[in-house]
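Report on the following structure.
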DNA sequence: AAATGACCGAATAACGATTTTGGTCATCTG
DNA sequence: CAGATGACCAAAATCGTTATTCGGTCATTT
């Protein structure tokens, strides 16, 4: 049945977390799903938090591979940035566990979910920061502070994709790409 | 003591709301502070919500006068926009009642506070939208959708002023003005 | 006619009883 | 005898009930 007990536990925990969220999954539940006694879990993981941290790390690794795959060398930076954000949002929607955590954070404010999301966001942010730093070095972008730029870029994207939809018809992908180009790249000023 | 009972009630309610927030102010409390019996309040206001709505309307009027004062004709749009947002943020900080409501909305999620803040934000948003629409007509700004532009402008500003400070040293006014000019007006693209 | 405050029902808080949950450990087993 | 087990524990969450508070009313007073 289980060549590897530890993996069975992790798998069960992932499944339970995706189904019931952090608050909703108990160690007994995980043990049952993994066909393992509760005590056994503590042979591999120090605590519920620890088990969760390991799973979040897994998720971060998955995300990182998505990020690396989504930027193709040779493309203009703005295309890469758009791809990255688009893929991140898709990852958020399709990855059941992440989607559940995102939901739990907003609905229940669970601290653990909060930390996990922040961890993920930090990864995305620093990835974008690196991308921007490279672009500046290659004269594809005006000289700028990469940290602030990455931060503003993410806020801008989230504003367009999520926050606009709270009170208006959602903008489609093409529109978002266009707006991003219009406001963030070209700027609003009359070019003299 | 009170030439005008209604005004005494409104004043007391304002004071109580600023001190204890919406949830924290009771009609008994307001009555006591206004030196008036509770029943009297209902001669002028249909409900606690109604009393609150009147006070919020007062606040909106105050804000509108601030908004109108903060844009001086003849200035470039971007300067006006910066002034407007700067004044709005100052208004938020200095106006005890508004600051309290803002806090209550974030901490307790009180519905009434939520609605009030949204009402205020809508006013600012539509004011900025008008400003932008004028600027476009006067060829001071590229042709653009004023609604989306106003929306993005506000998000951008809030990102710089509040959200950046959550995890970094706050940016000073001059820096914000500069960043706004750099990102929003000129754009990040290499001008060819 | 207008002000008052005792009064009402509904909503909220306070409280203790009960259950659940993360974590342990003496015992069992392969 | 390493490692798996599940009864067990203290702390925390949940639940049901009681007590209090609050928005709003209205008979009475001024």
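Residue numbers (this note's numbering), protein chains in the order written: chain H, 1 to 192; chain W, 1 to 192. Beta carbons are placed, not taken as given, at the ideal position from N, Cα and C, and that holds for glycine. Since the model is a prediction, treat every value here as computed from it, not as a measurement.
### Query
Straight-line CA distance for residue 172 (chain W) to residue 110 (chain H)?
Walking along the second chain from the start, residue 172 (chain W) turns up at place 172. Walking along the first chain from the start, residue 110 (chain H) turns up at place 110. Their Cα atoms are separated by approximately 33 Å.
#### Entry: Collapsed DSSP secondary structure at residue 147 (chain H) in the structure displayed
As a working mapping, residue 147 (chain H) is identified with position 147 in the first chain. In this structure, residue 147 (chain H) counts as helix in the three-state DSSP scheme.
### Task
Starting from residue 185 (chain H), find everything on chain W with Cβ-Cβ shorter than 7 Å and list it in chain order.
Taking the first chain and counting its residues from 1, the one referred to as residue 185 (chain H) is at position 185. Result: 187, 188, 189.
### Message
Quick check on residue 75 (chain H): does DSSP put it in helix, strand or coil?
### Response
For the purposes of this step, residue 75 (chain H) is identified with residue 75 of the first chain, where counting begins at 1. In the structure shown, residue 75 (chain H) sits in coil (DSSP, three-state: anything other than H, G, I, E or B).
### Task
Go ahead and pull the three-state DSSP assignment for residue 35 (chain H).
As a first step, residue 35 (chain H) must be located in the first chain, where it is residue number 35. In the structure shown, the three-state DSSP call for residue 35 (chain H) is coil.
### Task
Would you tell me roughly how many angstroms separate the C-alpha atoms of residue 93 (chain H) and residue 61 (chain H), rounded to the nearest one?
Within the first chain, the letter at position 93 stands for residue 93 (chain H). Within the first chain, the letter at position 61 stands for residue 61 (chain H). Residue 93 (chain H) and residue 61 (chain H): Cα-Cα distance of roughly 17 Å.
### Message
Taking 8 Å as the cut-off, does the segment 94-109 of chain H touch the segment 55-69 of chain H (at least 3 CB pairs, one atom from each stretch)?
### Response
At 8 Å Cβ cutoff, the stretches touch.
### Message
Can you confirm whether residue 163 (chain H), when its beta carbon is compared against all beta carbons of chain W, has any partner nearer than 8 Å?
### Response
Counting from 1 along the first chain, the entry for residue 163 (chain H) is found at position 163. Chain W places a beta carbon closer than 8 Å to that of residue 163 (chain H), counting this residue as a contact.
### Query
Applying the criterion that 16 or more other CB atoms from any shown protein chain within 10 Å of the CB defines a buried residue, is residue 187 (chain W) buried or exposed?
Against the second chain, residue 187 (chain W) aligns to sequence position 187. By the 10 Å Cβ count, residue 187 (chain W) comes out buried.
#### Entry: Between the CA atoms of residue 162 (chain W) and residue 193 (chain H) - distance to the nearest angstrom
Here chain H comprises residues numbered 1 to 192, so residue 193 (chain H) is not present and cannot be evaluated.
### Query
Is residue 38 (chain H) closer than 8 Å to residue 28 (chain H) when the C-beta atoms are compared?
On the first chain, position 28 is the one that residue 28 (chain H) refers to. On the first chain, position 38 is the one that residue 38 (chain H) refers to. In this structure, residue 38 (chain H) lies closer than 8 Å to residue 28 (chain H) by Cβ.
### Query
Are three or more beta carbon pairs between the segment 31-48 of chain H and the segment 4-13 of chain H nearer than 8 Å?
Yes: at least three Cβ pairs fall under 8 Å.
### Message
By the three-class DSSP mapping on this structure, what secondary structure does residue 188 (chain W) have?
### Response
Here residue 188 (chain W) refers to the residue found at position 188 when the second chain is read from its first residue. Coil at residue 188 (chain W), not helix or strand.
### Task
Flag this pair as yes or no: are the beta carbons of residue 190 (chain H) and residue 7 (chain W) separated by less than 8 Å?
Position 190 of the first chain, counted from the start, is the residue given in the question as residue 190 (chain H). Position 7 of the second chain, counted from the start, is the residue given in the question as residue 7 (chain W). No; because the gap between Cβ atoms is not below 8 Å, this pair is not in contact.
### Task
For the segment 152-159 of chain H and the segment 151-166 of chain W, state whether three or more C-beta atom pairs, one from each stretch, are separated by less than 8 Å.
Short answer: they touch.
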